[in-house]
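This report refers to the structure that appears directly beneath it.
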Amino acid sequence: MDFTRILNMQSELDRNIEEAHGVENEDLTNRKLVALIVEIGEFANEIRPFKYWKKTMDINEDHIKEEFVDGIHFFLSLTLKAGGSPVVDPIIVSEDQNIQLSTLFEETSKLNSKFTKEQLAKAFGIYMGMGKLAGLEETEIEKFYIEKNRVNYERVLNGY
């Protein structure tokens, strides 16, 4: 997926958030990595492939898209920091969503000790592969990103 258009939107949002919170001169990489891992977990909790103990799986497609896009926000923010490519190809390591998720957590966690654009691209690619496995389309991702970006701007303006 080519994120060029929304990467610019993310850059503006990051700048506004950082200015609003007085952290524009701080290195936020580690905080963004923690936030990203949390967002991946929230996405996993919405798609629920690991919840073998649940008999009913009420899936809310809008919540899935919203949580996925929250992860996109942090991947894009980190891509800006790393000087990475705006084009991300999905990587599917397994059709089993649990294996894909485990690999995603593993590769994303590696960014703590190996923050390179190559490692970031790998983790981001696996995330996009996870989106594909969850049935998300690029047009939906972009649409939901734009909507969530607008919501996040409103939050900044309202002192969130």
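Each residue of the sequence shown is one higher than the one before, starting from 5 at the first, in this note's numbering. Just so it is clear, CB atoms sit at the ideal spot from N, CA and C, and this is done for glycine as well.
Three-state class that DSSP yields for residue i in the structure shown
i, result
"residue 97", "coil"
"residue 13", "helix"
"residue 24", "helix"
"residue 52", "coil"
"residue 118", "coil"
"residue 60", "coil"
"residue 149", "helix"
"residue 138", "coil"
"residue 4", "For the chain, the structure presents residues 5 to 164; residue 4 sits outside this window and is missing."
"residue 157", "helix"
"residue 70", "helix"
"residue 108", "helix"
"residue 29", "coil"
"residue 34", "helix"
Residues bridged to residue i [DSSP beta-bridge criterion]
i, result
"residue 91", "6"
Residue environment, residue i, which counts as buried when at least 16 other CB atoms sit within 10 Å
i, result
"residue 155", "exposed"
"residue 134", "buried"
"residue 153", "buried"
"residue 141", "exposed"
"residue 163", "exposed"
"residue 61", "exposed"
Nearest residue (CA-CA) to residue i, options the options
i, options, result
"residue 130", "93, 27, 120", "93"
"residue 161", "44, 28, 13, 20", "20"
"residue 124", "26, 22, 139, 108", "108"
"residue 138", "82, 105, 26", "105"
"residue 45", "33, 22, 72", "72"
"residue 110", "151, 62, 40", "40"
"residue 67", "163, 159, 148", "148"
"residue 97", "88, 82, 132, 83", "132"
"residue 183", "144, 78, 88", "The requested residue 183 does not occur in the structure, where the chain is confined to residues 5 to 164."
"residue 120", "83, 158, 36", "83"
"residue 150", "62, 70, 35", "70"
"residue 37", "61, 64, 117, 47", "117"
"residue 102", "16, 28, 47, 143", "47"
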